[in-house]
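One structure is given below, encoded as structure tokens.
Residue numbers (the working numbering): 6 to 130.
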């Protein structure tokens, strides 16, 4: 159903950010680590994000929808957040590039107690 709704978009009239969110959602729904790895850039030292997202159960990956959109006035970059109602403790942030050929930045955030403790330890150092 979601795919059918996305395919109904009139590409000539659709907002470019809406189209970009739809393209990102399609990549996430397919959940292929290789495709995710080649479609996005990753934060320094974060080589496991694509594999971690791809390792989620298929029904979780296919239920990921855009839940956040932010774009500063006058800027080309946009920030999208994607989440699943089946696993709300996982958030995927994607920041688009200002460069036409640039890849979006992919950030996989498993908002778990372990993640929170890891961040607290990092800040304490």
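In this text, a Cβ means the ideal position worked out from N, Cα and C, and glycines have one as well.
Length-filtered (3 minimum) beta strand (DSSP E) runs lying within the stretch 16-90: 70-75, 84-88
Collapsed DSSP secondary structure at residue 98 in the structure displayed: strand
Under the three-state DSSP convention, the category residue 115 falls into: strand
Presumed contact (8 Å Cβ cut-off) between residue 199 and residue 113, rounded CB distance: The chain is shown from 6 up to 130; residue 199 falls before or after that span and cannot be answered.
Meets three-Cβ-pair contact criterion under 8 Å: the stretch 52-70 and the stretch 30-44: Touching, per the Cβ criterion.
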